[in-house]
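In the numbering used here, the protein residues as written are 1495 to 1629.
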Amino acid sequence: MKLLTRDTDYAIRALCYIAKAENSIVSVDELVLALKIPKPFLRKILQILNKEKLLESFKGSKGGFRLVWSTKQITVLKVLEIFQGKLQLNECTLRKQICSDTKVCLLRKKLNTIQDQVRRELKNMSLASLIKNRG
1495 MKLLTRDTDY AIRALCYIAK AENSIVSVDE LVLALKIPKP FLRKILQILN KEKLLESFKG
1555 SKGGFRLVWS TKQITVLKVL EIFQGKLQLN ECTLRKQICS DTKVCLLRKK LNTIQDQVRR
1615 ELKNMSLASL IKNRG
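This is the structure we're talking about:
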């Protein structure tokens, strides 16, 4: 199981790059060169981020993308949920179907605790903190 998919990873990398541009418009071509992400794949990711209102798009020869939200508001959890849906580690691993013992299952309680910790950590991890730690 991967915690972050390739889409999520690329989205976070693109958002961090755009954030470092400090309100400038960043073109897709610049992102492709800097991040080494295939252009069609990156365009799809940027379109999703635009649709979700994290990015603002600009058309034309000087077109590109700019952040809508502040770097403190965009969290890894938010991006993960856009591309992967709700983080869920607690599906029953012992049976193919969710069992009826979810209220008393000891494994499920432990997995819920871990899931809550992971969610908190990802929610506290903002673009601002990623950029700051990267230098």
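Even for Gly, the Cβ is constructed at its ideal location relative to N, Cα and C.
A quick note: this is a predicted structure, and the numbers were derived from the prediction, not measured.
Pairwise C-alpha distance: residue j and residue i
| i | j | result |
| --- | --- | --- |
| residue 1569 | residue 1562 | 13 Å |
| residue 1577 | residue 1547 | 14 Å |
| residue 1605 | residue 1619 | 21 Å |
For residue i, three-class secondary structure by DSSP
| i | result |
| --- | --- |
| residue 1620 | strand |
| residue 1569 | strand |
| residue 1522 | helix |
Chain-order list of residues whose beta-carbon lies under 6 Å from that of residue i (same chain, five-residue window excluded)
| i | result |
| --- | --- |
| residue 1551 | 1544, 1559 |
Cβ pair residue i, residue j closer than 8 Å
| i | j | result |
| --- | --- | --- |
| residue 1520 | residue 1531 | no |
| residue 1526 | residue 1536 | yes |
| residue 1583 | residue 1611 | no |
Same chain, Cβ closer than 8 Å to residue i, five either side skipped, listed in chain order
| i | result |
| --- | --- |
| residue 1627 | none |
Beta-carbon proximity list for residue i, same chain, < 7 Å, skipping 5 on both sides
| i | result |
| --- | --- |
| residue 1508 | 1525, 1529, 1536, 1539, 1540 |
| residue 1607 | none |
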